[in-house]
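First up is the structure itself, then whatever we jot down about it.
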Amino acid sequence: MKLDNVLLDSDGHVKIADFGMCKDGIIGEELTTTFCGTPDYIAPEIISYKPYGKAVDWWAFGVLLYEFLAGQPPFDGDDEEELFRNIATGEVSYPRSLSREACLICKAFLTRDPIQRLGSGPNGEQNICEHPFFRHIDWRKIENREIQPPFKPKVVSYL
Numbered sequence: 001m002k003l004d005n006v007l008l009d010s011d012g013h014v015k016i017a018d019f020g021m022c023k024d025g026i027i028g029e030e031l032t033t034t035f036c037g038t039p040d041y042i043a044p045e046i047i048s049y050k051p052y053g054k055a056v057d058w059w060a061f062g063v064l065l066y067e068f069l070a071g072q073p074p075f076d077g078d079d080e081e082e083l084f085r086n087i088a089t090g091e092v093s094y095p096r097s098l099s100r101e102a103c104l105i106c107k108a109f110l111t112r113d114p115i116q117r118l119g120s121g122p123n124g125e126q127n128i129c130e131h132p133f134f135r136h137i138d139w140r141k142i143e144n145r146e147i148q149p150p151f152k153p154k155v156v157s158y159l
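If you want it as structure tokens, here you go:
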């Protein structure tokens, strides 16, 4: 998951596109070791060549959420080596404009220990939905597309 792959449909609902780097066959708590992904979104366990599971996707979502909220990525570097070092050991700065709940959820997704990362474990998705950051979200209405998106793009062409 990365910012470039988050799209809006003609009604303004979010669509995730391009699963080209998606690892097939990872079910439940299974692990893999393939080194892949977009550098800014790669989780620390991939960088350190440790076996990993779905927690890497929650890390990437945390990077994406931080970008949405702060307007910039949580980690940077002049080259890939420095970027990876910062992902593995660097501190994330949180703008003062972010709410306490926004900082807490980003920190929870950007936890370096994949077992402790928000979204991990048997109740991972439920833990995310119940996080205080999402306290005003009606997930059933979101899933059923009953919420009017705040922005509806003007479609020029369907090609």
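Take the sequence shown: its position 55, counting from 1, is numbered 55 in the UniProt record's numbering, and each next residue is one higher.
Note that the Cβ used here is the ideal one computed from N, Cα and C, for glycine as well.
The structure presented is a predicted model; accordingly, all values stated were derived computationally and were not measured.
Rounded C-alpha distance that separates residue i from residue j
i      : j      : result
Ser120 : Arg96  : 28 Å
Pro73  : Val156 : 30 Å
Tyr158 : Asp113 : 43 Å
Asp76  : Asp11  : 34 Å
Ile115 : Ala55  : 8 Å
Arg100 : Thr34  : 35 Å
Val63  : Tyr41  : 6 Å
Arg117 : Glu82  : 23 Å
Glu146 : Tyr49  : 42 Å
Asn144 : Asp78  : 43 Å
Helix, strand or coil at residue i according to DSSP, with G and I counted as helix
i     : result
Val14 : strand
Tyr52 : strand
Thr33 : coil
Asp79 : coil
Gly71 : coil
Leu3  : helix
Run of the beta strand (DSSP E) containing residue i, from where it starts to where it stops
i    : result
Leu8 : Val6 to Leu8
Terminal residues of the alpha helix (DSSP H) in which residue i lies
i      : result
Gln126 : Gly124 to Cys129
Lys154 : Where Lys154 is concerned, there is no enclosing alpha helix (DSSP H), given that its DSSP letter is neither H nor E.
Pro44  : Pro44 to Ile47
Lys141 : Trp139 to Glu143
Ile105 : Arg100 to Phe109
Contacting residues, own chain, Cβ-Cβ under 8 Å from residue i (five flanking each side not counted)
i     : result
Glu30 : Gly53
Close beta carbons around residue i, own chain, < 6 Å, minus the five adjacent residues each side
i     : result
Trp59 : Ala43
Leu8  : Pro153
Given 8 Å, three or more beta-carbon pairs between the region 120-128 and the region 89-101: Taking a cut-off of 8 Å on C-beta distances, the region 120-128 does not touch the region 89-101, as fewer than three cross pairs fall below it.
At least three beta-carbon pairs within less than 8 Å, the region 129-145 to the region 102-116: Taking 8 Å as the limit for Cβ pairs, the verdict is that the region 102-116 does touch the region 129-145.
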